[in-house]
Every structure is written in structure tokens, then in C-alpha cells.
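Residue numbers (the numbering used here): 151 to 366. Built from N, CA and C at the ideal position, the CB exists for glycine as well. As the structure is a prediction and not an experimental result, all values here were calculated from the model.
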Amino acid sequence: YVGTGIATLIGNSQVIIVTLVSWKLLGERPNRSILLSLPVVILGLALISGIWDGEPYGEDPTRGVIAAVLAAFFYSSFLILYRYSNRQMAPAANAQLDATIGATIGLLLLNLMPLEPLGVQQIDFEITWPSHAWLLILAFTCQVAGWIAITYALPRLPGAHTSFAVLIQPVLTIIWGIFLLDESPSAQQSAGMILIFVAIIAVTMFGDAKAKPEPV
Numbered sequence: 151y152v153g154t155g156i157a158t159l160i161g162n163s164q165v166i167i168v169t170l171v172s173w174k175l176l177g178e179r180p181n182r183s184i185l186l187s188l189p190v191v192i193l194g195l196a197l198i199s200g201i202w203d204g205e206p207y208g209e210d211p212t213r214g215v216i217a218a219v220l221a222a223f224f225y226s227s228f229l230i231l232y233r234y235s236n237r238q239m240a241p242a243a244n245a246q247l248d249a250t251i252g253a254t255i256g257l258l259l260l261n262l263m264p265l266e267p268l269g270v271q272q273i274d275f276e277i278t279w280p281s282h283a284w285l286l287i288l289a290f291t292c293q294v295a296g297w298i299a300i301t302y303a304l305p306r307l308p309g310a311h312t313s314f315a316v317l318i319q320p321v322l323t324i325i326w327g328i329f330l331l332d333e334s335p336s337a338q339q340s341a342g343m344i345l346i347f348v349a350i351i352a353v354t355m356f357g358d359a360k361a362k363p364e365p366v
């Protein structure tokens, strides 16, 4: 509805959600830079949705933004629970295996639900080559190696810091969407993306989250 690059960027606005929830539930108080970035991200999302744009990119930008924001909430919930579940700093591969099994079971259960009206198609179990071979290579390189590294870092850093660290993904996705998939965001949508980038950079450089000291 809104293109791969923009959708991935909005989905990764989880950085704001993770920061606020970590503050509320885990006592990791963000500094002013993080708090000031919130309205900037909200404005950026509004611009990307195309609500003030005569010719926004995508078949249905508003619907696409709503779906991507929902994805951001689910992604945030996963990161927070994933980090909390490994607070004893067990081997990263163990936690990654548990998450993979859970994701597989959840995907199979969702496949039984009538989600076609929402634009979600059922899983096609027919194997096609070489497409699935490329997906397997992607899975065992980028995804497995990357998420083991993320799993190792999550319990060792504040939630805000780890959520910002994974934002290289949407940055590259937007670049690849423009150059490889011929996606062409409008000027207003591009301005929204720039605002979100500025907020991300500001929090990365100046943001800080101090954990509340535990009572003795």
C-alpha cells in the first residue's frame, strides 16, 4: 500500500515505543533528546501517510501507514519481551531458537484465520526454485547471524539503545526500494522520512536512558 522502504521505516518507529515502555515498566528514564524526538516522528508519519499530499506514493498510503504502525507496536512488544526473557543473559542461540519456534507456531495459527479481507494471503507451501534457495541463504546469513547478535546485545544495553541500533535496516531498505524497485516517494513523503531520520540520529547521538536504581 505504501512501498517497501516507507513501510519498513514506519515499522521501525518502534524505537520510540520501546523507549517509552522501557521508561514506564523498566524504570529506564529517557533524557530530553529522546522525549523531544517523539513529536518529530509523529509529524514524519503524518507526512508519509500522504494525508496532505495530492499525489502520495502507494496504492493506499493511509492504510499502509496504519498497518505499519500496528506492526511497530507488535515489533516493540516483541523486543521488550525478548529482552526481558533473557535478562539472565543465557546463550543467545537458545533464546533465538525459542523465538523461532514461537514465530513458526504463531505463523501457522495465523494461517488458519480468514485474513484475506485485510490483504493477508494464506501461506503457499509449494516450493519453487531458485526463489526458496535465495530465501534460505538470506535466512541463515542475515537473519540468523543478525538476530543472534541482537539477542546477545538486548539484555546488556538499555532498551532505547538496542532499538535504535537496528535502524540501519530501514535506512538501507529505503535506498534499495528507490534504486532497485523503482519506488518514488513524493516530496512530502520524502520530507517525512527525513524528519524521522533526524529524530533517529538525534536520539542515537544525544539520547540517554538511565535505569532506576533498585532498592537495597
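For the beta strand (DSSP E) that residue i lies in, which residues bound it at each end?
i	result
residue 180	178 to 180
Report the three-state DSSP secondary structure of residue i (helix, strand or coil).
i	result
residue 228	helix
residue 366	The predicted position of residue 366 is uncertain, since its pLDDT is 45 and thus under 50; a value taken from the coordinates is nonetheless stated next. Three-state DSSP puts residue 366 in coil, outside helix and strand.
residue 170	helix
residue 335	coil
residue 163	coil
residue 329	helix
residue 189	helix
residue 305	helix
residue 342	helix
Report yes if the C-beta distance between residue i and residue j is below 8 angstroms; otherwise report no.
i	j	result
residue 192	residue 339	no
residue 198	residue 215	yes
residue 352	residue 187	yes
residue 170	residue 343	no
residue 153	residue 333	yes
Between which two residues does the alpha helix (DSSP H) containing residue i stretch?
i	result
residue 202	Where residue 202 is concerned, there is no enclosing alpha helix (DSSP H), given that its DSSP letter is neither H nor E.
residue 151	Element bounds for residue 151: n/a, residue is neither H nor E.
Taking C-alpha atoms, which residue in the options lies nearest to residue i?
i	options	result
residue 306	283, 227 and 237	237
Runs of alpha helix (DSSP H) wholly within the stretch 226 to 281 (minimum 4 residues, chain order): 242 to 261
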